[in-house]
Amino acid sequence: MAKRNGSSTLSENVTKKLQSDILTGQYEPGFPLKVSELARDFEVSVAVVREALTRLATQGLVQQNPNHGFSVKTASEEELNNIIQARLINESEALRLSIAYGDLTWESNVIAVHHKLSQTAEHKEVNEKLIVREEWSEIHRQFHYELIAACPNPVLLDICSNLWDLSEFYRHCSPPKQQVRDGLAEHKALTDAVLSRDSDRAVQIFRAHIQLTADVLFDNH
Numbered sequence: 000m001a002k003r004n005g006s007s008t009l010s011e012n013v014t015k016k017l018q019s020d021i022l023t024g025q026y027e028p029g030f031p032l033k034v035s036e037l038a039r040d041f042e043v044s045v046a047v048v049r050e051a052l053t054r055l056a057t058q059g060l061v062q063q064n065p066n067h068g069f070s071v072k073t074a075s076e077e078e079l080n081n082i083i084q085a086r087l088i089n090e091s092e093a094l095r096l097s098i099a100y101g102d103l104t105w106e107s108n109v110i111a112v113h114h115k116l117s118q119t120a121e122h123k124e125v126n127e128k129l130i131v132r133e134e135w136s137e138i139h140r141q142f143h144y145e146l147i148a149a150c151p152n153p154v155l156l157d158i159c160s161n162l163w164d165l166s167e168f169y170r171h172c173s174p175p176k177q178q179v180r181d182g183l184a185e186h187k188a189l190t191d192a193v194l195s196r197d198s199d200r201a202v203q204i205f206r207a208h209i210q211l212t213a214d215v216l217f218d219n220h
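For reference, each letter of the sequence shown is one residue, going 0 to 220 in numbering that gives the first Met the number 0.
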């Protein structure tokens, strides 16, 4: 039993590392993920890697091909449009529920993570190329999750989390550019509306925020 638990932990660790590498653009869309090579790189068994890739395929970040090979998912404008539409529907409702049920601890957490986000630079330049900083991406994820964290429906929260991962894939496979938008102001307005318990205003700002991000991503495809 201990061995099985140990194998499961290894698989979870490999899953998290591969997920992070895919979401931060370490692997290009469509890149083949060879089980034997990954097993060697991670110093784990082929079975552990196969389990991790199967999990990521279930999440939609990896494609399992007919010949039993794996590859990073390919980018599709139609899918991106569907993801954005699903986020607007599900996260808007989760946000309303979170505002309705959130307590003072939740408010404090929203304030804290918003402050951290506002103090973290979004981009860095590597080899004369602008890329999204991994630290910012993680705090940005925490910020958006904290806004809906008080939603009492765990199924809805899981859906929102999975949709976030899929939209992050597109964020990182699109070349970032300095947009004519004020992300700091958008996040501040969203935070203020949430803390004021103005759910209609918060959802309106959230939907505009997501739609603007979608428009930028569509521009890059």
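Every residue gets a Cβ at the ideal spot worked out from N, C-alpha and C, and that includes glycine.
Computed from a predicted model, the values in this text were never measured in an experiment.
Leaving out the 5 sequence neighbours to the left and right, which residues in its chain are closer than 8 Å to residue i when beta-carbon positions are compared?
| i | result |
| --- | --- |
| LEU211 | ARG180, GLU185 |
| THR119 | ARG132, GLU134, TRP135, ILE138 |
| ASP102 | ALA149 |
| GLN62 | ALA56, PHE69, SER70, VAL71, LYS72, THR73 |
| ASN108 | GLU145, ALA148 |
State the beta-bridge partners of residue i as determined by DSSP.
| i | result |
| --- | --- |
| GLN63 | PHE69 |
| PRO31 | SER70 |
Let me check understanding here. Comparing Cα to Cα, which of the options lies closest to residue i?
| i | options | result |
| --- | --- | --- |
| LEU146 | ARG170, TRP105, VAL43 | TRP105 |
| LEU96 | LEU9, PRO31, VAL154, ASP40 | VAL154 |
| LYS16 | SER91, GLU27, ALA51 | ALA51 |
| LEU222 | ARG170, LYS33, GLU11, ASP199 | There is simply no residue 222 to check, as the chain begins at 0 and stops at 220 in what is shown. |
| VAL138 | HIS113, ALA148, LEU156, ASN152 | The sequence shown places Ile at residue 138, not Val. Minimum Cα distance to ILE138 is reached at HIS113. |
| GLU167 | GLU11, THR8, SER19 | SER19 |
| THR73 | ARG132, PHE30, THR14 | PHE30 |
| GLU11 | ALA213, ARG49, ALA120 | ARG49 |
| GLU90 | THR8, LEU162, ARG54 | LEU162 |
| GLN141 | LYS123, LYS115, ASP157 | LYS115 |
| GLU42 | THR53, VAL13, ARG54 | VAL13 |
Within a Cβ cutoff of 7 Å, which residues of the same chain sit near residue i, ignoring the five residues on either side of it in sequence?
| i | result |
| --- | --- |
| ASN64 | SER70 |
| ARG196 | ILE98 |
| CYS159 | ASN89, GLU90, ALA93, ILE147 |
For residue i, which residues of its own chain have a beta-carbon under 6 Å away from its beta-carbon, when the five flanking residues on both sides are left out?
| i | result |
| --- | --- |
| ARG206 | LEU87 |
| LEU165 | GLY59, ILE82 |
| ILE204 | ALA188, LEU189, ALA192 |
| PRO151 | TYR100 |
Quick check on residue i: buried or exposed, where buried means 16 or more other Cβ atoms within 10 Å of its Cβ?
| i | result |
| --- | --- |
| ALA46 | exposed |
| ALA93 | buried |
| TYR222 | Examination of residue 222 is not possible in this model, given that the chain is present from 0 through 220 alone. |
| HIS143 | buried |
| THR8 | exposed |
| LEU32 | buried |
| ALA213 | buried |
| LEU37 | buried |
Practice task
At 4 residues or longer, and completely inside the region 151 to 216: list those alpha helix (DSSP H) runs for me, N to C.
Solution key: 153 to 172, 182 to 194
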